[in-house]
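Asks: Here you go, one structure.
Residue numbers (the working numbering): 1474 to 1626.
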């Protein structure tokens, strides 16, 4: 006998069976993404802000550069904050994974693997972490887990 799947779309987004490992991944990766997004959006931590980042993106052919900088910076900053608190981790991780794919193939791929040559190893590590969180969900100590538990009642 088969039973119908009663899991709502929201439960599928928020639900997680991941344990503490997702938390250990979410927080440091979220901090890294939020900091990089702050560089792009606000010029924090030695970044170039929207104008400078937009000019750089336009020079790569990612046009309009200002909009691309806003999208990338927004995904990284707000996606990073979402990872830190564990809110909507799967959608945030999907946006961050996409941002890392764009970074790898538009900026780093022709420079090889290693960071010493501005290669793609760091972006690849962040891509892997994002994909892992996309699959696993937020795990323990997350807003998603609290919301999923409330929705299951």
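Ideal placement from N, C-alpha and C gives every residue a C-beta, glycine not left out. Please read these numbers as outputs of a predicted model, since none were measured by experiment.
How would you call residue 1615, buried or exposed, if buried means at least 16 neighbouring beta carbons within 10 angstroms?
Replies: Here residue 1615 refers to the residue found at position 142 of the chain shown. It is buried - the Cβ of residue 1615 has at least 16 other Cβ atoms within 10 Å.
Asks: Starting from residue 1587, trace the alpha helix (DSSP H) both ways and give me its first and last residue.
Replies: Against the chain shown, residue 1587 aligns to sequence position 114. Segment: none, residue 1587 is in no alpha helix (DSSP H) and carries neither H nor E.
Asks: Going by other Cβ atoms of all chains shown within 10 Å of its Cβ, with 16 needed for buried, is residue 1475 buried or exposed?
Replies: Position 2 of the chain shown, counted from the start, is the residue given in the question as residue 1475. Per-residue confidence for residue 1475 stands at a pLDDT of 45, beneath the threshold of 50, marking its modelled position as unreliable; no derived number is given.
Asks: Assign residue 1495 to buried or exposed, taking buried as 16 or more other Cβ atoms, counted over all protein chains shown, within 10 Å of its Cβ.
Replies: In the chain shown, the residue the question calls residue 1495 occupies position 22. Residue 1495 comes out buried.
Asks: Kindly indicate which three-state DSSP category residue 1611 falls into: helix, strand or coil?
Replies: Sequence index remark: in the chain shown, residue 1611 carries index 138 (1-based). Note: residue 1611 maps to coil in three-state DSSP.
Asks: How would you write the range of the alpha helix (DSSP H) that residue 1501 sits in, first residue to last?
Replies: Here residue 1501 corresponds to residue number 28 of the chain shown, with the count starting at 1. Here the alpha helix (DSSP H) through residue 1501 covers 1493-1515.
Asks: Whose C-alpha, out of 1602, 1573 and 1507, is nearest the C-alpha of residue 1551?
Replies: Stepping through the chain shown from its first residue, residue 1551 is reached at position 78. Nearest option by C-alpha distance: 1507.
Asks: If we ignore side chains and look at the alpha-carbon of each, how far apart do residue 1669 and residue 1606 end up?
Replies: Residue coverage of the chain in this structure runs from 1474 to 1626, which leaves residue 1669 outside it and unanswerable.
Asks: Might you give, ordered along the chain, the residues of its own chain that have their beta carbon closer than 7 angstroms to the beta carbon of residue 1567, omitting 5 neighbours on each side?
Replies: Position 94 of the chain shown, counted from the start, is the residue given in the question as residue 1567. 1607.
Asks: Give me the Cα-Cα distance between residue 1603 and residue 1582, rounded to the nearest whole angstrom.
Replies: Locating residue 1603 in the chain shown gives position 130, counting from the first residue. Locating residue 1582 in the chain shown gives position 109, counting from the first residue. Using only the alpha carbons, I get a separation of about 19 angstroms.
Asks: Between which two residues does the alpha helix (DSSP H) containing residue 1526 stretch?
Replies: Numbered from 1 along the chain shown, position 53 holds the residue referred to as residue 1526. Taken as a continuous stretch (DSSP letters only), the alpha helix (DSSP H) holding residue 1526 covers 1522-1532.
Asks: Alpha helix (DSSP H) containing residue 1557: first to last residue?
Replies: The residue given as residue 1557 occupies position 84 in the chain shown. Secondary structure note for residue 1557: its alpha helix (DSSP H) is the uninterrupted segment 1538-1558.
Asks: Can you tell me which of the three DSSP states residue 1561 falls into?
Replies: Residue mapping note: residue 1561 aligns to position 88 of the chain shown, counting from 1. Of the three classes helix, strand and coil, the one that applies to residue 1561 here is coil, per DSSP.
Asks: How many angstroms separate the CA atom of residue 1592 from the CA atom of residue 1483?
Replies: Working through the chain shown from its first residue, we reach residue 1592 at position 119. Working through the chain shown from its first residue, we reach residue 1483 at position 10. Straight-line Cα distance between these residues: approximately 38 angstroms.
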